[in-house]
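Reading through the structure tokens given below for one structure.
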Amino acid sequence: PSLSDIVFPVIDHCAIWGTQGYAIQLSSGNKAMVRNSLLSVASGQYVFDLGTLDELDSDYNAIWLEEGARVLRQTRSGTSFPLVYETVGAWAAASQQDLHSYSGDPLLADPAAGDFHPMSRAGRWDPSAHTWTNDAVSSPLIDAGHPAESWTNEPDPNGRRMNIGLYGGTEWASKSATN
Numbered sequence: 006p007s008l009s010d011i012v013f014p015v016i017d018h019c020a021i022w023g024t025q026g027y028a029i030q031l032s033s034g035n036k037a038m039v040r041n042s043l044l045s046v047a048s049g050q051y052v053f054d055l056g057t058l059d060e061l062d063s064d065y066n067a068i069w070l071e072e073g074a075r076v077l078r079q080t081r082s083g084t085s086f087p088l089v090y091e092t093v094g095a096w097a098a099a100s101q102q103d104l105h106s107y108s109g110d111p112l113l114a115d116p117a118a119g120d121f122h123p124m125s126r127a128g129r130w131d132p133s134a135h136t137w138t139n140d141a142v143s144s145p146l147i148d149a150g151h152p153a154e155s156w157t158n159e160p161d162p163n164g165r166r167m168n169i170g171l172y173g174g175t176e177w178a179s180k181s182a183t184n
């Protein structure tokens, strides 16, 4: 491909959740950066689908795999068999990608209803009630975002580190246990 055909999207603080296809698909020698995002696909699907020449820079994400879902499939030159990673751990060990990403239950308020706020004992915004509420548990996504990104718009207490997810770094970020 020519230089004008190559794209380099930055996918930051997004929720690509429960898709019936790939969360991120690249082809034709493109590159993408994925940071601080929530990624989940349905059973039988892949979070990432890459072509032979595609490059992915991915870290500080929450990757939730439904039963039977996989992390990555990449087409390879000279073989009809793609490279496949079943788990975030295998993908991270082999590729050095998503080394700081979380791969368990992200403990989100209600993703089925579109509420992607991480649960928090210290407080999370409830968009239905238009108020702060406290949960019985706290999400591991709180204070787990990329350490170089700004947390200063998050409400106190904010742990002085941004949260992973849609609301990380914003006034609607779930609260930390302490500063």
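Residue numbering for the sequence shown follows our numbering, starting at 6 and increasing by one per position. Just so you know, even glycine gets a beta-carbon here, dropped at the ideal spot from N, CA and C.
For residue i, does the count of other Cβ atoms within 10 angstroms reach 16, so buried, or fall short, so exposed?
i	result
Ser42	buried
Gln25	exposed
Asp110	exposed
Trp130	buried
Ala28	buried
Gly49	exposed
Ala153	exposed
Phe86	exposed
Ala149	buried
Val142	exposed
Ala74	buried
Nearest-angstrom Cα distance between residue i and residue j?
i	j	result
His135	Ser100	42 Å
Gly174	Thr157	7 Å
Ala127	Ala117	23 Å
Val89	Ala95	10 Å
Glu176	Ser155	12 Å
Ser33	Tyr172	32 Å
Asp140	Ile16	29 Å
Thr92	Pro162	33 Å
Ser179	Pro132	12 Å
Phe187	Gly164	Since the first residue of the chain shown is 6 and the last is 184, residue 187 is not available in this structure.
Asp115	Gly83	44 Å
Between the Cα of residue i and those of the options, spot the shortest distance and give me the residue it belongs to.
i	options	result
Leu104	Val89, Ser63, Ala37 and Ile21	Ser63
Tyr51	Tyr65, Gly34, Ile21 and Asn35	Ile21
Thr183	Gly170, Ile169, Tyr172 and Glu159	Glu159
Lys36	Phe13, Cys19 and Gly23	Phe13
Tyr65	Ala98, Asp54 and His18	His18
Leu55	Gly73, Met38 and Tyr107	Met38
Ala67	Ala97, Ser45 and Gln102	Ser45
Ser108	Arg40, Trp137, Leu70 and Gly23	Leu70
Ser144	Glu72, Ile169, Thr57 and His151	Ile169
How far does the alpha helix (DSSP H) with residue i in it extend, from its first residue to its last?
i	result
Gly94	Val93 to Ser100
Grab the span of the beta strand (DSSP E) containing residue i for me, first residue to last.
i	result
Phe121	Asp120 to Pro123
Thr57	Careful: Thr57 lies outside any beta strand (DSSP E) and carries neither H nor E.
Ser45	Leu43 to Val46
Ala20	Ala20 to Thr24
Ala28	Per DSSP, Ala28 belongs to no beta strand (DSSP E) and is neither H nor E.
Ala67	Ala67 to Leu70
**Asked** Is it true that the stretch 78-97 meets the stretch 45-64, where meeting means three or more beta-carbon pairs spaced less than 8 Å apart?
**Response** Touching, yes.
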